[in-house]
Each structure stands twice: as C-alpha cells, then as structure tokens.
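This report refers to the structure that appears directly beneath it.
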Amino acid sequence: MRGNADIVVAIDAGHGGEDPGSIGPTKKYEKHVTLSVSKKLAAQIDAIPGMKAVLTRRGDYFVNLNKRSEIARKNGAHLLVSVHADAFRTPQPRGASVFVLNTRRANTEIARWVENHEQQSELLGGAGEVLAKNTNDRNVSQTLLDLQFSHSQKEGYKVATKILREMGKVAHLHKKEPVNASLAVLKSPDIPSVLVETGFISNPAEERLLTTRSHQDKLARALAKAIVQYFEANPPEGTLFANRGQQRKHTVKRGESLSVIAQKYGSSVSAIKSANNLKSTSLAVGQTW
C-alpha cells in the first residue's frame with residue numbers, strides 16, 4: 001500500500017566461516033558474538049510495525065565484504081549496521097565504539113563509482129535511474145555521487161550518535177563520539193552505514209559479557225532503540241513511519257492507555273515506548289510526545 005512501505009535495516013554480522021575475527025583470552029570467537037547479537041537485533045527490528053530486518057549472513061559462513069553491501073542494496077536497505085567486537089594486543093582497552101565512513105575513503109569510492117558505469121544503475125534512491133540516463137556525462141556522475149556520499153555520511157553520523165547514546169546506558173564506551181574510518185563495509189554511496197564495535201573481546205571481562213545472553217540482549221535492545229529513534233526523526237518517504245510522522249504528536253487524554261493509542265496509530269506498545277523513551281506503560285493526562 002502506498003505510504004506504508006517497511007523501513008529495511010540491513011544487519012551485517014562481522015566475519016564468519018574461515019574468518020573468525022578476533023579471538024578472546026578464553027578462545028571465544030568474534031564471529032559467534034557478532035552473529036548472536038545480529039540475530040537478536042533482527043528480531044527486535046522485525047517486531048516493530050513498519051520495519052524489516054535483512055541479515056547479510058544467518059550462519060557460520062563467510063560473506064565477501066563487497067557482497068555484504070550488495071545484499072543490503074538488493075533488499076532496498078535504508079540503513080546498514082555492521083556488528084563487530086574490537087580487540088587490542090593488550091587486555092586493558094574496553095568499551096564500545098561506532099565507526100562511520102571518512103571523507104578520504106568517500107572520495108576514493110566516488111572516483112571508482114564514476115568509472116563504473118554498469119554498477120551506477122544499481123544505486124538506490126533514484127540516483128541509479130538518473131546516472132543510467134547520463135552515462136557519458138562525467139560531471140553529472142561526479143556531482144550526483146558526491147551528493148549521495150555526503151548524504152549517507154551525514155545520516156550515518158546521526159545514527160552513530162544515537163547508537164552511542166543508547167549503548168552508553170548498557171555498556172562502557174571506548175569512544176563517546178562517532179569515529180571516522182576507511183572501512184570497506186561502510187563504502188555504499190546510497191546506504192547510510194555504521195560499524196558498531198560492541199566491546200573488546202580481548203578484554204577478559206568484556207569477553208565474558210559479550211558471550212553472555214543477557215548482555216547480548218541489552219546490546220540488541222539499545223541498537224534497536226537508537227535505530228527507531230533515528231527513523232522516527234528521519235522517516236524515509238513512502239514508509240509507514242513517514243505516514244505516521246504526519247501525526248506524530250499525541251496528547252494523552254483521560255482514560256487512554258498505551259494499547260489504545262497504539263491501535264489508533266497502527267503501531268504497537270513496544271514501538272511507542274521505544275520511540276518515546278517511555279520507561280513504563282503508565283501515562284499522565286496531558287502528557288505529549
């Protein structure tokens with residue numbers, strides 16, 4: 001139905017198969033942590049009306065880095081979240097970080113995309129169609145790709161900031177601001193992308209935490225909450241979130257409950273609580289959000 005499309009979130013479990021990623025002091029593998037957290041995050045996203053998760057891998061196998069972005073693109077992803085666990089040569093460093101694409105890597109990718117006419121048509125958000133019609137105009141390609149990367153970088157930074165704020169409530173932060181980096185999985189010009197380091201698997205205490213179901217649940221909930229907050233504030237056109245966004249403000253009336261309000265807006269109690277940072281289902285008359 002027009003205006004009710006799902007927001008698609010591509011969730012990328014780092015490493016896999018013959019690539020174990022980093023290995024902790026008691027031989028716990030990063031690839032297992034990332035898959036577990038990613039599956040939990042996907043379940044959280046799928047439970048929210050108007051959102052759909054796509055996993056780049058569902059089991060213990062390796063997916064080429066370029067293929068990960070392709071999977072996101074083929075599924076029309078509005079966001080790519082790559083889940084990892086950090087490591088260092090000494091056991092002391094700890095905490096979570098979020099990485100976004102740096103400008104230097106973006107410029108390198110722009111130059112590559114300008115030359116790659118065949119791939120240009122695959123870009124999301126209407127850019128592919130425009131570029132397909134202007135295959136011989138390098139200026140058009142350069143300008144449009146520059147705009148695409150700038151937009152993706154800016155939106156990725158917004159998502160990263162919200163993720164750090166929510167993760168900071170359930171885990172120690174290694175870096176309190178998004179970190180700019182040249183990472184292959186972040187290089188999509190048409191999909192805002194972030195790489196989340198959930199903690200240091202090389203730190204004995206964090207290795208224990210990262211392999212604990214309860215902590216993985218907390219991380220997944222924090223990530224889902226941040227993602228919902230971002231899309232509530234920045235709903236893609238044609239989605240259910242954008243449709244709801246036209247009447248996002250609600251003032252609680254006497255006798256109303258969260259379930260009644262959720263039914264009115266075609267949402268769910270959990271989605272409304274998550275999007276509005278509500279700690280309980282108790283409401284006060286006159287409360288607005």
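Position 267 of the sequence shown, counting from 1, maps to 267 under UniProt numbering, and the rest follow consecutively.
Here a beta-carbon is modelled for each residue, glycine too, at the ideal position from N, C-alpha and C.
Just so you know, these numbers come straight off a predicted model, no measurement behind them.
Do residue i and residue j have their C-beta atoms closer together than 8 Å?
i	j	result
K158	Y230	yes
L79	V185	no
L258	V269	yes
R165	A233	no
V285	K253	yes
L101	K187	yes
P192	L145	no
D60	G17	yes
A271	Q44	no
A87	V54	no
Please list, in chain order, all residues of the same chain as residue i whose beta carbon is under 8 Å from its beta carbon, the five residues on each side excluded.
i	result
N276	W289
V179	S97, V98, F99 and V100
Using a Cβ-Cβ cutoff of less than 7 Å, which residues in the same chain neighbour residue i once the five nearest sequence positions on both sides are dropped?
i	result
A37	A quick correction: the sequence has Val, not Ala, at residue 37. Only V83, T198, Q216, L219 and A220 meet the Cβ criterion.
K40	Q216, D217 and A220
L210	V33, A85, T198, G199 and I201
K28	I201, E207 and T211
P91	P25, S202, N203 and P204
K162	A226, Q229 and Y230
So what's residue i in DSSP terms, helix, strand or just coil?
i	result
N180	strand
S193	strand
S82	strand
K40	helix
S97	strand
T281	coil
V185	helix
V54	strand
A127	Interpretation of A127 is limited by its pLDDT of 45, a score under 50 that renders its predicted location unreliable; the figure taken from the coordinates is listed afterwards. Three-state result, A127: helix.
Y29	strand
A171	coil
I7	strand
A77	coil
T161	helix
residue 366	The question about residue 366 has no answer here: the residues shown for the chain are numbered 1 through 289.
F200	strand
Residue i to residue j, Cα distance in whole Å?
i	j	result
L65	N203	26 Å
D6	S69	19 Å
E256	K279	17 Å
P20	Q287	49 Å
V81	I11	5 Å
R58	T281	34 Å
L147	E155	12 Å
R89	A262	49 Å
M51	H250	21 Å
V260	E237	26 Å
H151	A160	14 Å
A42	K74	17 Å
S214	E177	25 Å
F149	V63	24 Å
Suppose the cutoff is 6 Å on Cβ atoms and the five residues either side in sequence are ignored; what does the same chain contact list for residue i look like?
i	result
A13	T34, L35, S38, R57 and V83
E30	H15, G21, S22, A85 and I201
A222	E166, M167 and V170
K175	S97
I72	According to the sequence shown, residue 72 is Ala rather than Ile. Within the same chain, A72 has close Cβ partners A10, L80 and I191.
Measuring CB atoms only, is the stretch 188-198 touching the stretch 90-97, in the sense that at least three cross pairs come out at less than 8 Å?
yes
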